[in-house]
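Below is one structure, written out as structure tokens; comments come after it.
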Amino acid sequence: MKTKGVSNQEIAGVFDEMAGLLEAKGDSIFKIRAYQRAARVIEGLPGSLEEAVAAGEELKGLPGIGEAIRGKIHEYVTTGRVSALEKLKAEMPDGVLQLMNVPGIGPKTAMLIAREAGVSTVEGVEKAIADGRLQKLPRMGEKTAENILRNIRTLRTKDRRIPLGRAMPVVERIMADLRERCPALEKITPGGSVRRWQETVGDIDMMATTDDPEQAVKAFVGLPYVTRVLGKGVKKTSVILDNGLQVDLRIIDKESFGAMLQHFTGDRQHNIQLRDYANSMGLSLSEYGITDMKTGRMEKFTEEEAFYRRLGMDTPTPEIRHARGEIELARRHALPRLVEVGDIRGDLHMHSDWSDGRAPIEVMLEAAEEAGYQYVALTDHSSGRGIANGLTEERLRSQIGILRSMRGMAMKVLCGSEVDIRADGTLDYPDEVLAELDVVVASVHSAMGQSSEKMTERIIKAMRNPHVTVIGHPTTRLLGSREPVQADMEALFRAAVETGTAMEINASPERLDLNDTHVMRAKELGAPLVISTDSHSTGSLEKLRYGVAVARRWWCEARHILNTLPLEDFMAFIKTPKPERMRVFNQRLGG
DNA sequence: GCCGTTTTCGGCCCGACTGTTTTCAGTCG
């Protein structure tokens, strides 16, 4: 079958567009939700939908995707268009979807503006407000116009989402400051994407209990780095910080804290699915508790676990609450025990001031030992193109000498290197040098614009090198600043299994590379995964938790992660010649 | 539009806040 080369993301985009237009049209809210739900399901699919269609698969059994949507997927994949969408576009005024992107402009307002004021662009909205035309429309006034205008401005200036690693310190600071300024504050905790450890955060949700909500709200809006108050109530208050981040604070009775925690941790799809399930039991869920729909009586919960228990299920850890099967497993009491920070026995990617790190070798190693590791690999950069003060063969040999003669460490120190994978797939050091190392992390640092075919071939060539232990930050992406390289990840994971090469989950919050979806597929195919910090200073060692969260989000257990192996087993792994390593990995970790 | 150990038809998650209104629609999460 001839196909057009469309990604799952694009297909999901079609249904989001459908949903948006139907919303503006005022169509059935349930039909709209069905399209949105389908879009979310499609986004979360592991394999390519296009390939599935090309292979003649029926697409049956995908939740939320029935006859009609199936047909549209098929149409889009084979023809590159969806006639229903085009028809819809034709009957709707131009620009409605664009207008709906502005916070404060929903489907109704977008239609009103487009139809009555003949405006189809965001710039047009600004003009209409300046003219006073918009304010004259029904249910529009000065305040609404002012709000929209401000939202347009923030939309232009602010970065849409920030890495979790930047949001977390903000959360910690707010918690500390509120505790200090509001003695009546009892519990306070983040919810939403922060609590779920998502890689990026759009805004921050916080939850609190207190006997004095007014005092808490006053303290909150009075924080010195709050620049704007979006809304203020005793239950919900929203502010914008000087760094552009929006923070919502919700306050609730302590009897309902567990219910609220559940409610505002989400994600959205998890909650929808959970409420759907509760409905089938005759129960209705809200942030206040669980209501028996027959008697109308509400039960409150101080603890989240009790809330889930009332529904007859275990509590899925927040990281996996994204409606991808966790509810079903929780009901069957079959949730896996996910890998934890404490399971990691060694860090396999770390730099010293010999290359671009900030601390001397001894300082880095002492910090690692303090962190409780059984082993650590020091992996300074190879000489490459002279970047990052890479080590010449000579300096590398001298570093090896120092490390091998080190005494007095309880932790095993492994000699390693982060070796450049050159544009043609060869490595910076010759094989006889690599052979002297215990751990070789091979990474791409240059020629990132290569075609997918070339890049895939390049990385696989590095994997075939008998001395390469791990592929470092496989896609090289930097959150918010550098796109991932083009590569056939599926092929890389298969090559990892075939060659006995591990794939890194780089825990640096700016990288998180592999990401959670990659991890899911790698795990499925049985590729060994490694979680490393890529530390350039002692402070980065604690960033391990971000990498562990990536693994947890797609249900990795300790057995999927190579560096959860105790020292003896890990040594057995690296001492075994390469393709054979898979046997060791599968034996020691039980695949 | 999807879905069904209640159903192939009739349901579909739930509440807070704002602004423009005299009782609520619209938006958001």
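Numbering of the first sequence is given in our numbering, commencing with residue -10 and proceeding in unit increments.
Note that CB positions come from ideal geometry on N, CA and C, so glycine has one too.
Please state whether DSSP places THR465 in a helix, a strand or coil.
coil
Buried or exposed: where does LYS132 fall if 16 or more other Cβ atoms within 10 Å of its Cβ makes it buried?
exposed
Is DSSP giving HIS456 helix, strand or coil here?
coil
Can you name, in chain order, every residue of its own chain whose Cβ lies under 8 Å from the Cβ of ARG378, other than the five neighbours on each side?
A small fix is needed here, since residue 378 is Asn in this sequence, not Arg. Closer than 8 Å at the Cβ level, and outside the excluded window around ASN378, lie TRP343, SER344, ASP345, HIS370.
Simplified DSSP assignment, three categories, for SER387:
helix
Alpha carbons only, please: which of THR465, GLY414, HIS434 is nearest the one belonging to ILE448?
GLY414
Tell me, please, which residues DSSP counts as bridged to LYS401.
TYR364
Under a three-way DSSP split, which group does LYS(-9) fall into?
Because the pLDDT of LYS(-9) is 48, which lies under 50, any placement of that residue in the model is unreliable, and the number read from its coordinates should be weighed accordingly. Here LYS(-9) sits in coil by DSSP.
Let me check one thing: in DSSP terms, what residues is GLU407 bridge-paired to?
HIS370, VAL430
Just verifying my parser: in three-state terms, what is the DSSP assignment at ALA496?
coil
Sequence ranges, alpha helix (DSSP H) only - wholly within the region 218 to 302, length at least 4:
246 to 254, 257 to 269, 293 to 299
Compute the Euclidean distance between the alpha carbons of SER273 and SER245, then round it to the nearest angstrom.
15 Å
Could you spell out the range, first to last residue, of the beta strand (DSSP E) harbouring SER521?
518 to 521
Just to confirm before moving on: does the CB-CB distance between MET81 and LEU10 stay below 7 Å?
yes
Taking VAL183 as the reference, which of ASN575, MET195, GLU425, PRO213 has the closest Cα?
MET195
Which value, in whole angstroms, describes the spacing of the CA atoms of ALA27 and LEU551?
35 Å
Using a threshold of 7 Å, state whether the C-beta atoms of HIS462 and ARG500 are closer than that.
yes
Whether ALA173 touches THR143 by CB criterion (7 Å)
no
Any idea what DSSP makes of SER526, helix, strand or coil?
coil
Measuring only the C-alpha atoms, how far is ASP16 from LYS243?
40 Å
Per the DSSP calculation, ARG471 is bridged to which residue(s)?
LEU467
What is the rounded straight-line gap between the Cα of ASN504 and the Cα of ARG534?
14 Å
Hey, GLU115 and ILE141 are a contact pair by Cβ (cut 8 Å); roughly how many whole angstroms apart?
6 Å
If the criterion is Cβ atoms closer than 7 Å, does the pair GLU203 and ARG541 meet it?
no
Alpha carbon of LYS(-9) to alpha carbon of SER37, nearest angstrom
Model confidence at LYS(-9) stands at a pLDDT of 48, short of 50, so the residue's coordinates are unreliable and nothing is read from them.
What residues are listed by DSSP as bridge partners for ASP502?
ASN495
Span of the alpha helix (DSSP H) around ASP420
420 to 423
Just curious, the beta strand (DSSP E) that LEU174 is in, first and last residue?
174 to 179
Terminal residues of the beta strand (DSSP E) in which ASP194 lies:
192 to 199
Beta-carbon contacts of LEU74 that lie in its chain and below 7 Å, excluding the five residues immediately before and after:
VAL3, GLU6, MET7
Can you list, in chain order, the residues of its chain whose CB lies under 7 Å from that of ARG570, leaving out five sequence neighbours each side?
GLY489, PHE562
How far does the alpha helix (DSSP H) with ASP5 in it extend, from its first residue to its last?
-3 to 14
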